[in-house]
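As numbered in this note's numbering, residues 468 to 857 make up the sequence shown, in order.
Here's the structure we're looking at; comments come further down.
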Amino acid sequence: MALVPADPSPAALPEPVPGPPDGYLDAVGGQPILPAALAAWRTAAAQAWSDPARLHHAGRRAGMMLDAARASIAEGLDVRPAEVYFTSSGPTAVATAVQGLIDGRSRVSRRAVVSAVEGMAVVTPVERWAEEVDTVGVDPTGRISLAGLAEALAVPAALACVQAANAEVGTRQPVESAAELTRAAGVPLLVHAIQVIGREPVAPGWDVLAASARDWGGPAGVGILVVRPSARWVPEENPDRGWVGGFPDIPGAVAAATALEYVRSAGPVESDRVRGLTDRIWRVLPGLAAGIEVAGSPDDRLPHIVTFTCTGVTGEVLVQELDRRGISVASGSACTSDSRMPSQVLSAMGLVADASIRVSLPFGCTEGTVEAFLSALPEAVAAARSGLGA
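Quick look at the structure:
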């Protein structure tokens with residue numbers, strides 16, 4: 468009996484990966500689960516329905532499948548299986564990491580150091596558990612100031628948080644250089660790798676890594692937490708066979724591992740292809756309409772994310788106008804329809820604009836979808852500015 472589905476050869480899968488709906492350009496918001504991962508989920512759901520802690524046959528089978536998934540994730544991330552933990556989501560992985568690091572180092576400090584462009588998945592738990600938070604500024608592309616980080620680390624801290632790359636504008640962070648500073652200060656480095664794994668390797672040097680399987684074509688309800696021995700991490704509850712919190716979702720873990728196995732081989736080719744598409748977006752965008760400016764780093768960025776600001780229109784209206792034309796993008800608007808508050812990422816970068824739009828290409832995104840977006844944008848901007856939009 469196979470513990471996990473046999474590894475399919477890349478040639479046996481749709482190439483490069485299953486296509487998202489035409490016009491869909493919001494990978495950060497979600498993307499289709501890989502066929503191999505879906506098949507693995509179905510197999511595991513049929514076989515691994517028992518409690519993996521039980522000693523009977525069904526329990527042992529479930530436990531072996533969970534252990535195999537954990538070992539596969541560890542191999543994909545080049546860590547030991549004992550360092551890998553599953554959670555119910557990426558944000559849960561981050562929150563569990565923050566809580567465990569602050570509680571584990573409370574005798575030293577309950578102070579946290581974070582970059583000014585960390586997402587709410589990091590900011591919220593840090594503000595909850597840390598007694599003091601120091602924020603390190605970034606340059607106009609969204610890249611953290613290493614001099615500012617060094618200054619913040621001169622005072623004892625429980626942890627430092629530096630994302631692998633910014634999911635709003637795509638700018639990569641100098642993780643390896645940041646790790647040298649945190650290591651010298653004796654402070655564990657937590658890296659949130661949202662949108663990175665499956666697209667490119669994560670830079671080395673971190674002590675704790677948090678990620679979400681949905682970023683590499685796995686199921687949405689599986690987060691990954693990797694804790695190195697260098698971190699003094701004390702979770703609120705003991706992980707049960709590598710699963711933190713609640714009953715383990717073994718089919719989800721198996722599907723996440725299977726998806727990671729696929730993107731380890733197919734991901735680099737797909738990323739090179741997608742980068743060619745986003746390079747075209749970068750070149751063309753500024754000339755499509757007045758008041759458009761591309762944000763972030765043009766070179767040192769994730770291959771699939773482009774964000775631009777636009778004057779004279781709100782982000783939510785422009786998203787709606789594009790949606791009417793069959794194009795799905797996300798608004799990182801300076802005034803969002805939910806909060807009416809500025810994006811902390813754009814504010815930290817010194818950008819002031821009426822709206823920002825994030826275009827993120829899912830696995831399998833076609834050139835036709837990109838061209839449709841570029842063709843639809845001028846008309847959508849004009850409609851939104853004229854007040855014809857909703």
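Where a beta carbon is used, it is the ideal one built from N, C-alpha and C, also for glycine.
(message) In the DSSP assignment, the beta strand (DSSP E) including residue 636 goes from what residue to what residue?
(response) Premise fails: residue 636 is in no beta strand (DSSP E) and is neither H nor E.
(request) Using the Cα positions of residue 631 and residue 595, report the straight-line distance between them to the nearest angstrom. (result) One C-alpha to the other measures close to 22 Å.
(message) So within the stretch 629 to 692, which uninterrupted alpha helix (DSSP H) runs reach at least 4 residues, ignoring any that extend past its ends?
(response) Here the runs fully enclosed are 642 to 652.
(request) Kindly list the residues whose CB is nearer than 6 Å to the CB of residue 583, restricted to its own chain and excluding five residues on each side of it in sequence; keep chain order. (result) For residue 583, where only same-chain residues beyond five positions count, the Cβ hits under 6 Å are 602, 604, 605, 815.
(message) Is it buried or exposed, residue 697, if we count other Cβ atoms within 10 angstroms and call 16 or more buried?
(response) Here residue 697 is exposed: its Cβ has fewer than 16 other Cβ atoms, across all protein chains shown, within 10 Å.
(message) Is it buried or exposed, residue 806, if we count other Cβ atoms within 10 angstroms and call 16 or more buried?
(response) Confidence in residue 806 is poor, its pLDDT being 43 and thus under 50, which makes the residue's placement too unreliable to answer from.
(message) DSSP three-state label for residue 539, please.
(response) It is helical.
(request) Select from 579, 646, 607 the residue whose C-alpha is nearest the C-alpha of residue 597. (result) In terms of CA proximity to residue 597, 579 leads the group 579, 646, 607.
(message) Starting from residue 582, trace the beta strand (DSSP E) in both directions and tell me its first and last residue.
(response) Where residue 582 is concerned, the enclosing beta strand (DSSP E) starts and stops at 578 to 582.
(request) Use the C-beta contact count for residue 659: other C-beta atoms within 10 angstroms, 16 or more gives buried, fewer gives exposed. (result) Taking all protein chains shown into account, residue 659 has 16 or more neighbouring C-beta atoms within 10 Å of its C-beta and is therefore buried.
(request) Flag this pair as yes or no: are the beta carbons of residue 727 and residue 543 separated by less than 8 Å? (result) Yes, the pair counts as a contact, with Cβ atoms nearer than the cut-off.
(message) I need the DSSP call for residue 739, collapsed to helix, strand or coil.
(response) Helix, per DSSP.
(message) Excluding the 5 residues flanking residue 546 on each side, which residues of the same chain have their C-beta closer than 7 Å to its C-beta?
(response) The beta carbon of residue 546 sits closer than 7 Å to those of 693, all from its chain and outside the five residues before and after it, given in chain order.
(message) If the criterion is Cβ atoms closer than 8 Å, does the pair residue 589 and residue 827 meet it?
(response) One thing to note: residue 589 has its Cβ no nearer than 8 Å to the Cβ of residue 827.
(message) Using a Cβ-Cβ cutoff of less than 6 Å, which residues in the same chain neighbour residue 870 once the five nearest sequence positions on both sides are dropped?
(response) No information on residue 870 is available, as it lies outside the stretch 468 to 857 that the chain covers here.
(request) Could you spell out where the alpha helix (DSSP H) holding residue 842 opens and where it closes? (result) That run of the alpha helix (DSSP H) goes 834 to 852.
(request) Compute the distance between the beta-carbons of residue 776 and residue 762, then report whether it is under 8 Å. (result) Here residue 776 is near residue 762, since their CB atoms are less than 8 Å apart.
(request) Report yes if the CB atom of residue 508 is closer than 8 Å to the CB atom of residue 684, and no otherwise. (result) No, Cβ-Cβ distance for residue 508 and residue 684 is not below 8 Å.
(request) Identify, in the order they occur along the chain, each residue of the same chain with its Cβ nearer than 6 Å to the Cβ of residue 841, setting aside the five sequence neighbours on each side. (result) Cβ contact annotation for residue 841 (same chain, cutoff 6 Å, sequence separation greater than five): 751, in chain order.
(message) Which of the three DSSP states is assigned to residue 611 in this structure?
(response) Looking at residue 611 - three-state DSSP - the assignment turns out to be strand.
(request) Thinking residue 408 and residue 540 are a contact (beta carbons under 8 Å), I'd like their distance in whole angstroms, please. (result) This structure gives no information on residue 408, because the portion of the chain shown stretches from 468 to 857.
(request) Pick out whichever of 503, 533, 522, 521 has its Cα sitting closest to the Cα of residue 717. (result) From the listed residues 503, 533, 522, 521, the smallest Cα separation to residue 717 is found for 533.
(message) Once the 5 residues before and after residue 674 are set aside, which same chain residues still bring their CB inside 6 Å of it?
(response) Excluding its 5 nearest sequence neighbours in each direction, residue 674 has C-beta neighbours in its own chain below 6 Å: 655, 656, 695, 697, 698, listed in chain order.
(request) Would you identify the three-state DSSP class for residue 825, choosing helix, strand or coil? (result) Three-state DSSP puts residue 825 in a strand.
(message) Using a 10 Å radius around the Cβ and a threshold of 16 neighbouring Cβ atoms, would you call residue 501 buried or exposed?
(response) Residue 501 is classed as buried because its beta carbon has at least 16 other beta carbons within 10 Å across all chains shown.
(request) Could you round the C-beta distance between residue 557 and residue 690 to whole angstroms and report it? I think they count as a contact, below 8 Å. (result) With 8 Å as the limit, residue 557 and residue 690 qualify as a contact, their Cβ atoms being about 4 Å apart.
(request) Could you check what DSSP says for residue 569 in three-state terms: helix, strand or coil? (result) In the three-state reduction of the DSSP assignment, residue 569 falls in the helix class.
(request) Please report how far the alpha carbon of residue 645 lies from the alpha carbon of residue 629, in whole angstroms. (result) If you draw a straight line from the Cα of residue 645 to the Cα of residue 629, it is about 8 Å long.
(message) Just list the residues that DSSP pairs residue 760 with in beta bridges.
(response) In the DSSP output, where bridge partners are listed per residue, residue 760 has 776.
(message) Please list the terminal residues of the continuous beta strand (DSSP E) segment that includes residue 600.
(response) 599 to 603 is the span of the beta strand (DSSP E), which, as asked, contains residue 600.
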